[in-house]
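Chains as they are written, first to last, in the working numbering: chain W, 141 to 311; chain Z, 6 to 811. We put the beta carbon where it would ideally sit given N, CA and C, even for glycine.
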Amino acid sequence: MTTPQIGKIHVTMTVNGTQVDGLVEPRLLLVHFIRENLQLTGTHIGCETSHCGACTVDLDGMSVKSCTVFAVQVDGANIMTIEGMANADGTLSALQEGFRMMHGLQCGFCTPGMIMRAHRLLKENPNPNEEEIRFGISGNLCRCTGYQNIVKAIQYAAAKLNGTEFKEAAE
Amino acid sequence: MNDITLTREEREAKLEGLGCRRKRVEDIRFTQGKGNYVDDLKLPGMLHGDFVRSPYAHARIKSINKDAALKVPGVLAVLTAEDLKGVNLAWMPTLAGDVQMVLADGKVLFQGQEVAFVVATDRYAADDGVVAVDVEYEALPVLIDPFKALEPDAPVLREDIKDKMDGAHGPRRHPNHIFEWTVGDKELTDAAFSKAEVAIKELISYQRVHPSPLETCQCVCSFDKIKGELTIWGTFQAPHVIRTVVALIAKLPEQKIHVISPDIGGGFGNKVGAYPGYICAAVASIVTGKPVKWVEDRIENLTATSFARDYHMTAEIAATKEGKVTALRVHVLADHGAFDACADPSKWPAGFFNIVTGSYDFPTAYVSVDGIYTNKAPGGVAYRCSFRVTEAAYCIERAMDILAQKLGMDPAELRMKNFIKPEQFPYHSALGWEYDSGDYQTALNKALETVKYEDLRKEQAAKREAFRRGETREIMGVGVCFFTEIVGAGPSKNCDILGIAMFDSCEIRLHPTGAGIARMGTKSQGQGHETTYAQIIASEIGIPAEDITVEEGNTDTAPYGLGTYGSRSTPVAGAAIATAARKIKAKAQMIAAYRLEVHEDDLEWDVDGFRVKGLPEKFMSMKDICWAAYNSVPPGMEPGLEAVSYYDPPNMTYPFGAYVCVMDIDVDTGVYKVRRFYALDDCGTRINPMIIEGQVHGGLTEAFAIAMGQEIRYDETGNVLTGSFMDFFLPTAMETPHWETDYTVTPSPHHPIGAKGVGESPNVGGVPAFSNAVNDAFSFLGSTHIQMPHDFWRNWQAAKRLGVTG
Ligand code: FES
Ligand code: FES
């Protein structure tokens, strides 16, 4: 049996700098479009109820939980996922490096969403203090790290992007 | 041949061996979104399965009508218990000696129970199919309160075994009774209580919680009809055990089952067991001939797979007036839900709960545990815990505080007075364990000095006075916890899972160019095994950690292992690595002796190779030995350089720690502030301090969640009230306190590298530290014990009960 193509809608968007399109059911969640249609599986699903932030992507300059957006809502949008985060030469970006250097991840499941959120946070506030970071990532849950080293990872990245020195070690 | 430009220290540093804060290998892929988790897998023609679940906690199934569902576009099949009976899989054995319905057979026993499995071309169609399955139920009386389970007129839950009064762990005395497990000397203990100068008794409950790793349980099953082979990719903490379970229950030859655990998004015990989803996906793949994916959503995860704890412990301590403990007696009412699916070693229905004497020298003790059925989800997993150690540590650490309060003694002083002393190790506990090593006094002293404990107590006394004078509405609590863990299950003499001894394994293969691969029977879920295991090898045989690939999670390539849970990877698999590496080193020494033309005994190990004693310039590096192993071995020796080790630990390991929590609570709102949390851990030899600290942070955060808000709650009709992250408390970065970590090092005498394991310690020790802080805050108002979780509302309720707020 094949699924009839009832009411499918054509969407076009830019994902990590590449124009993509698809014919999708109106109810298809953006996270499924990204993961299954585009095969960009770095964006994760931890709850499907907008609580965990594992599905966070950058959408037209905002952090968005892609499990709570329909693909058809973002027709024409500009999206960045974790797969678009590395530097152009393939090396780790400041945030990715910060997470590794400060031991800001363990199982890695929250990490893509966390990095995408931190990316936008640092655009909004290039020099956040600890409290601002904690508030800024409070839409993203991590079950492994206890956040302390995630905060450090973001501070590390902020320092690197600002050209200042970050001395603290992971703890 | 030696790189003479490097100093010894530089050569050592290059290895990144034991003690190095080595950055993680795993992070390169995880930070780029290139992890490989189960749901990332997409196979050609892959179908999706989803469950119809029971809205009732207890009901008879009158009928299941699939017709409408089968008409839904994309739906290919709907499986029910009747279908599974054809392949004898409607029920499956549990790890605890019980049986569990795979799909509801005649009745349902908990809300969220699996009733039918819909298979469709994609996950949306499967969901449509689920909604279209028509199930008619007849509600039955519900049993939620564990204290009512054994009443004569309690509803009988398990009709399948209602007349079978001898259970897997001895006689049952009620249809809702699973087992009674006793340990210790009852007579001696009762006698000690009858002549006790002081005694305390308290019901201490550890509520039902859930491990909820960020990735839920999931699998892809693919049956190849031509070859008769089944491949399962799944979120399995113990892939080999899953393979054996599948072989036993699906009656497939074990060599035709391939189990693969790819990257796992956290486990914490949730991913040890075998769940109906795995069985249904496998059957669906066999039936349809296509790969079938099953991915649990979060609500399903919280309501149906694997709760933890739900232990109701009545603890009694007998002591002298001077505060010397003389006996411990504990009775536990253990709520196992609808099926006994606890993931404990087979002979341990209450896990290692008999570690409940803790860090103290109890002359005698007696424990009895009654396991019972209720209309709740099955599970009872060791959530970041070595089989009920968490419950035991909470019980004894709370009880010691209650005793201190009764004696009017400082809780730290009471602990100090009753500690097992360094010279008593190896220590035989009254409940049967042999503690390997410890120096409790040193650890607690270090903790008390660091937090300036005496000053805290003075400040608290002053605050209490101010509170009494009405100058403040805030009360201050200092929570002290000193825990002893038992991890590294375990010795074959007393630990098995389904009859398989709980050893673990490692195969190391070195390549000609001096690089290599280590294959393991364990499976990391975030612990960083790819990083730390290589460090052990580096220190043992002088090959830099970065030149060793660590591979886990493929049952075809890895030697058989029992998996990763209960902090067993370092104590058991870590030892297997060291012993495999030592086999390699022994062969390497023979090769080096042959090439350097000396007797083996004339060689000594030097960081990364062998040196001729007294002739420092005659040296052969391990890298060169690797090459030689493939072209010029001594006559009669087989070429190659590899070894396998199956390590059966002679004993468990006993990590310990001293934690202190300082908390302020506003009595009018119940709002608490964690002012300080200090955690000193002694996990023996420290392989990678960065990873240890990360584990401690994570475990403390889970402990914080449990103590201060987490609970799987049911209403009296069996509805789960905490089915999403909206209601089930997982702390964000905002609530999570700042963690201070510290350590002492008391190596395990029986472990090849002296390591003890650390992953769960912070969870074991953290919960009592938080709970003791809250209870300590309220104690001067006349309270002895307030049940967890200590959320704002409950704190406020406690303040009201104690008459200090309106
Ligand atoms: S999956 Fe989107 S917030 Fe959890
Ligand atoms: S690293 Fe596992 S959830 Fe954050």
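Asked                                                                                                                       : Found
W:Q246 beta carbon near ligand 2 (any heavy atom closer than 7 Å)                                                           : yes
Euclidean distance between Cα positions of Z:E15 and Z:G547                                                                 : 13 Å
Neighbouring residues (CB closer than 6 Å to any heavy atom of ligand 1)                                                    : W:I185, W:G186, W:C187, W:E188, W:S190, W:H191, W:C192, W:G193, W:A194, W:C195, W:K205 and W:C207
Endpoints, the beta strand (DSSP E) within which Z:E234 is located                                                          : E234 to G239
Reduced DSSP secondary structure (H/G/I, E/B, other) of Z:S227                                                              : strand
Residues, ordered as in the chain, of the region 241-261 of chain W that lie near chain Z by beta-carbon distance below 8 Å : M241, H243, L245, Q246, C247, G248, F249, C250, T251, P252 and I255
First through last residue of the alpha helix (DSSP H) which encompasses Z:W632                                             : M627 to A634
Neighbouring residues, chain A, relative to Z:Q530 (Cβ below 8 Å)                                                           : Chain labels in this structure do not include chain A; the protein chains are W and Z.
Z:V779 versus Z:C486 - alpha carbon distance                                                                                : 13 Å
Reduced DSSP secondary structure (H/G/I, E/B, other) of Z:L726                                                              : coil
Cβ of Z:F775 within 8 Å of any chain W Cβ                                                                                   : no
Z:W798 classed as buried or exposed, judged by whether at least 16 other C-beta atoms fall within 10 angstroms              : exposed
Bounding residues of the alpha helix (DSSP H) (the contiguous stretch that carries Z:S766)                                  : S766 to S784
Terminal residues of the alpha helix (DSSP H) in which W:N302 lies                                                          : Q288 to N302
Assigned exposure category for Z:M642 - 16 Cβ within 10 Å defines buried                                                    : exposed
Members of the region 265-287 of chain Z near chain W, C-beta cut-off 9 Å                                                   : D268, I269, G270, G271, G272 and F273
Opening and closing residue of the alpha helix (DSSP H) in which Z:R248 lies                                                : P244 to A255
Runs of beta strand (DSSP E) lying entirely within the region 182-259 of chain W, each at least 3 residues, in chain order  : 196-199, 202-205 and 218-220
Any non-hydrogen atom of ligand 2 within 7 Å of W:F249 CB                                                                   : yes
Exposed unless 16 or more other CB atoms sit within 10 angstroms - verdict on Z:S572                                        : buried
Residue range of the alpha helix (DSSP H) that includes Z:Q594                                                              : G579 to L601
CB of Z:L685 within 8 Å of CB of Z:S217, strictly                                                                           : no
Assigned exposure category for Z:F508 - 16 Cβ within 10 Å defines buried                                                    : buried
8 Å contact criterion, which Z:L449 and Z:T362 should meet: CB distance rounded                                             : Wrong, their Cβ atoms sit about 17 Å apart, outside the cutoff.
Reduced DSSP secondary structure (H/G/I, E/B, other) of Z:A353                                                              : Inspection of the sequence shows that residue 353 of chain Z is occupied by Trp rather than by Ala. DSSP places Z:W353 in coil when its eight states are reduced to three.
First through last residue of the beta strand (DSSP E) which encompasses Z:T746                                             : E745 to Y748
Three-state secondary structure (DSSP) of Z:R128                                                                            : helix
Distance between Z:D165 and Z:R587 (C-alpha atoms, nearest Å)                                                               : 52 Å
Residue span of the alpha helix (DSSP H) that contains Z:F35, given as start and end                                        : D32 to F35
Under 9 Å from the C-beta of W:A194: neighbouring residues of chain Z                                                       : L219, E220 and G270
Interface residues of chain W facing Z:H743 [CB-CB closer than 8 Å]                                                         : Q288
Close beta carbons around Z:F152, own chain, < 8 Å, minus the five adjacent residues each side                              : H317 and L338
Host alpha helix (DSSP H) of Z:R680 (start-end)                                                                             : Looking at the DSSP string, Z:R680 is not in any alpha helix (DSSP H); the run it does join, the beta strand (DSSP E), is Y677 to D687.
Counterpart residues of Z:V483 in DSSP-defined beta bridges                                                                 : Z:V667
Span of the alpha helix (DSSP H), counted from its first residue to its last, around W:D161                                 : First-last for W:D161: T158 to V164, but that is the beta strand (DSSP E), not the alpha helix (DSSP H).
Near-chain W residues of the region 22-34 of chain Z - C-beta to any C-beta below 9 Å                                       : R26, K28, R29, E31, D32, I33 and R34
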